[in-house]
Amino acid sequence: MNRNAESMPLLTLAALGVVFGDIGTSPLYTLSACLSATSLPTNTGNLLGILSLLFWTLTLVVSIKYAWVVMRADNHGEGGVMALTALASRATRKSGRISQRILIIGLLGAALFYGDGVITPAISVLSATEGIGVASPAGKPWVIPLALGIIVGLFFVQRRGTAAIAHLFGPAMAIWFLLLFGSGLRWVLTDPQILLAMNPWFALRFLGMHGLGGFLILGGVVLAVTGAEALYADMGHFGSRPIRAAWFVVVLPALTMNYFGQGALLDRNPAAIQNPFFQLFPPWATLPMVAVSGIATVIASQAVISGAYSATHQALLLDYLPRMKIIHTSEAKQGQIYLPALNCLLLGAAIAVVLWFRSSAALSSAYGTAVTGTMMLTTLLVVFIARRSWKWSLWGTGLFFGCFIVLDGVFFGANLMKFREGGWFPLVIGLGVFLLMSTWHRERELLTRKLYPETLRVEGFLGSLSPASPIRVPGTAVYLTSGAHGLPHALLQNLTHNKVLHEQIILLTLLFEEAPRIPPSERVTLQKHQKGFVRLVARYGFMEHPDIQGLLDSCVHQGMLCPLPDVTYFLSRQLVVPTGKVGLDFWRERLFALMLRISTGGSDFFGLPPARVMELGDVVELSPVECCPLKGRSA
Numbered sequence: 189m190n191r192n193a194e195s196m197p198l199l200t201l202a203a204l205g206v207v208f209g210d211i212g213t214s215p216l217y218t219l220s221a222c223l224s225a226t227s228l229p230t231n232t233g234n235l236l237g238i239l240s241l242l243f244w245t246l247t248l249v250v251s252i253k254y255a256w257v258v259m260r261a262d263n264h265g266e267g268g269v270m271a272l273t274a275l276a277s278r279a280t281r282k283s284g285r286i287s288q289r290i291l292i293i294g295l296l297g298a299a300l301f302y303g304d305g306v307i308t309p310a311i312s313v314l315s316a317t318e319g320i321g322v323a324s325p326a327g328k329p330w331v332i333p334l335a336l337g338i339i340v341g342l343f344f345v346q347r348r349g350t351a352a353i354a355h356l357f358g359p360a361m362a363i364w365f366l367l368l369f370g371s372g373l374r375w376v377l378t379d380p381q382i383l384l385a386m387n388p389w390f391a392l393r394f395l396g397m398h399g400l401g402g403f404l405i406l407g408g409v410v411l412a413v414t415g416a417e418a419l420y421a422d423m424g425h426f427g428s429r430p431i432r433a434a435w436f437v438v439v440l441p442a443l444t445m446n447y448f449g450q451g452a453l454l455d456r457n458p459a460a461i462q463n464p465f466f467q468l469f470p471p472w473a474t475l476p477m478v479a480v481s482g483i484a485t486v487i488a489s490q491a492v493i494s495g496a497y498s499a500t501h502q503a504l505l506l507d508y509l510p511r512m513k514i515i516h517t518s519e520a521k522q523g524q525i526y527l528p529a530l531n532c533l534l535l536g537a538a539i540a541v542v543l544w545f546r547s548s549a550a551l552s553s554a555y556g557t558a559v560t561g562t563m564m565l566t567t568l569l570v571v572f573i574a575r576r577s578w579k580w581s582l583w584g585t586g587l588f589f590g591c592f593i594v595l596d597g598v599f600f601g602a603n604l605m606k607f608r609e610g611g612w613f614p615l616v617i618g619l620g621v622f623l624l625m626s627t628w629h630r631e632r633e634l635l636t637r638k639l640y641p642e643t644l645r646v647e648g649f650l651g652s653l654s655p656a657s658p659i660r661v662p663g664t665a666v667y668l669t670s671g672a673h674g675l676p677h678a679l680l681q682n683l684t685h686n687k688v689l690h691e692q693i694i695l696l697t698l699l700f701e702e703a704p705r706i707p708p709s710e711r712v713t714l715q716k717h718q719k720g721f722v723r724l725v726a727r728y729g730f731m732e733h734p735d736i737q738g739l740l741d742s743c744v745h746q747g748m749l750c751p752l753p754d755v756t757y758f759l760s761r762q763l764v765v766p767t768g769k770v771g772l773d774f775w776r777e778r779l780f781a782l783m784l785r786i787s788t789g790g791s792d793f794f795g796l797p798p799a800r801v802m803e804l805g806d807v808v809e810l811s812p813v814e815c816c817p818l819k820g821r822s823a
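This note's numbering numbers the first residue of the sequence shown as 189 and each following residue consecutively.
Here it is in structure tokens:
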């Protein structure tokens, strides 16, 4: 999005629809989850304590930690776990050991995000459809089928993209927040003493009086800040000012008023504990609110799904996951992408979650561990940036972030208490994704060093060529190579088997840096060798997807390359044979071999014309070698 061409109000409105969908739908289930966490009576004292915990959690975690501090850690304007990891890595580059730990923290944070991506559509849609049971007991059997239908439809339309309807998300969520504020205000006016919950004393007294029960209820309280990561992750789309304005002017007042309104309702009618959100409204408005809630939860789920696509795209380019087919669903906006394989995986997992837990209350036990784990890892990453980049003092860093590390740790521990009830689910997903990412990253480094040894230089190879041998055929050959110095493996295979070389040969390396975008003036480095050989190195950020044909055409137009007649693209595809000699367990080597086998070929991934692509395969055994923890990746 071109922020210079958009006014502040329009950006703020757009941010409402993309950034705050998840946290904006949390009133559907948060307070009922808090009350179901313990068997405490819904008297005035307990309600004031719980509401005070909710209010100060929103204030400390979202207003102070994310809106004030974390959003300062922008990577050239971009946010998100991968951007934060790259930023922290640059800040500690001189210390290899610390940089390696940062990589582990960042990969764990990114991996836990996928647990959130599975659970958010399930719990949001379930909590909305459960309103049917509030309107009429006869509607309860339809809750699960309707939720599954909405989820299937949501994932099914991803292939069409959201560009056509995305402009409606902001106004729709603005209406949603007005309904949250108005419905809460109606009940707060009937019981104004509920506003006393803004006093933090009630939160502290509640925790002190109830001991373990107060600790357990924090597992439900943290549901109020699900989606807080989106403030930072979507910063690159809107900028920090519109997101902060939307939060402080619209979202925070609406959420606070709605939670307090639910508290006022329960103070007058404790029987409303089963679903206090929908009972804020008159009976005639319940079914319309079910429909409005369904729209809001679809928007919230869409934002999380799009975030999963974006995070996966970044991980693919930085070489932390095997390649997947990427479809660009909008010609105007580069960020509008669709990953068919990931979409199927998320859909299958979301359906399984709905069928396994069957209610938003049960699913809330699984939700918190992914959210609090990501929050805690984000805090740890920002600590390194505060010390190395912002030059905060040791005492200042320790005091400020120490408080938030303790707070995140308490929330994470409270959710771990619900491990058997469902807290294990996002952790299993997160650890599984982390295993895939770390295995792929490690062995891809080994594979690159095996195939592109530094000793095999272009100059030495050209010196071995004679005018008569090998035969030079008309046309241009473009060899995609991961190594920026050695010879491509595909070139050597082609020469060995076909005994020919093209008249013009371009050795193309795509490097993906830790920055989100690379200026066009710094994109290309070109080195011309003898006998028609050219080495072309193109640098991209982790938010960019390369257009190889466009890149070559621009180099021709700028006079950097000669005209490209009859271009043939040569790619290399390996079949890895596990040996158990590379420092990893044998089963992890087999896992890497499987991931390599199912990864999308370079032709589909880079959008090359299939009729002009020649893929050469080879069987490779890896040998043990040290690999770097984090640096610019090559395709």
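Using N, Cα and C, we set each Cβ at its ideal position, and we do this for glycine too.
These numbers come from a predicted model, not from an experiment.
In the DSSP assignment, glycine 267 falls outside any beta strand (DSSP E) and carries neither an H nor an E. Within 10 angstroms of the beta-carbon of alanine 274 lie 16 or more other beta-carbons, which makes it buried. Taking the Cβ atoms as the reference, threonine 557 lies roughly 5 angstroms from proline 614, within the contact range of under 8 angstroms.
DSSP lists Leu695, Phe758 as the beta-bridge partner residues of tyrosine 667.
Just measuring C-alpha positions, the residue of Asn446, Leu779, Leu235 sitting nearest leucine 509 is Leu779.
The DSSP-derived three-state label of leucine 796 is coil. Glycine 495 is not a Cβ neighbour of arginine 393, given a cutoff of 9 angstroms. Per DSSP, the unbroken alpha helix (DSSP H) holding valine 331 starts and ends at 331-344.
When the alpha-carbon of serine 742 is set against those of Arg711, Glu732, Gln715, Pro766, the nearest one is in Arg711. Within its own chain, no residue has a Cβ closer than 6 angstroms to the Cβ of arginine 456 once the five positions on either side in sequence are excluded.
Not a single unbroken stretch of the beta strand (DSSP E) spanning 3 or more residues falls wholly within the stretch 455-494. Residue environment: asparagine 686 is assigned as exposed (fewer than 16 neighbouring CB atoms within 10 Å of its CB, all protein chains considered). Secondary structure at arginine 511: coil, using DSSP grouped into helix, strand and coil. Here DSSP, grouped into helix, strand and coil, assigns leucine 241 to helix. Counting the other Cβ atoms within 10 Å of the Cβ of histidine 425 gives 16 or more, which makes it buried. The continuous stretches of alpha helix (DSSP H) do not include valine 439, and DSSP gives it neither H nor E. Within its own chain, the residues whose Cβ lies closer than 8 angstroms to the Cβ of phenylalanine 469, once the five positions on either side in sequence are excluded, are Ser371, Met477, listed in chain order. In the structure shown, histidine 677 adopts helical secondary structure according to DSSP, grouped into three states. For threonine 485, same chain residues with a beta-carbon under 6 angstroms away, outside a window of 5 residues either side, are Thr213, Ser312, Val313, Ala316 in chain order.
If you draw a straight line from the Cα of threonine 627 to the Cα of asparagine 387, it comes to about 49 angstroms.
Within the DSSP secondary-structure output, methionine 802 pairs in a beta bridge with Phe758. The residues Ala299, Leu300, Gly303, in chain order, have a CB closer than 6 angstroms to that of glycine 618 in the same chain once the five nearest residues on each side in sequence are set aside. Membership of glutamine 715 in any alpha helix (DSSP H) is not indicated; the residue belongs instead to the beta strand (DSSP E) covering 712-716.
Residue state for tyrosine 447 is assigned as helix, using DSSP reduced to three classes. When DSSP states are grouped into helix, strand and coil, tyrosine 254 belongs to the helix group.
Beta-carbon to beta-carbon, leucine 443 and leucine 368 are separated by about 7 angstroms, close enough to satisfy the 8 angstroms threshold.
Proline 704 counts as buried, since no fewer than 16 other beta carbons sit within 10 angstroms of its beta carbon.
With respect to the 9 angstroms criterion, phenylalanine 730 and leucine 505 are classified as neighbours on the basis of their beta carbons.
Cα atoms of isoleucine 290 and arginine 630: separation of roughly 15 angstroms, rounded to the nearest angstrom. Counting C-beta atoms within 10 angstroms of its own C-beta, histidine 355 has fewer than 16 neighbours from the protein chains shown and is therefore classed as exposed. Excluding sequence positions up to five before and after proline 708, its CB lies less than 7 angstroms from no other CB in the same chain. Membership of tyrosine 728 in the beta strand (DSSP E) is indicated by the continuous run 721-728. Tyrosine 526 is bridged by DSSP to Ile515.
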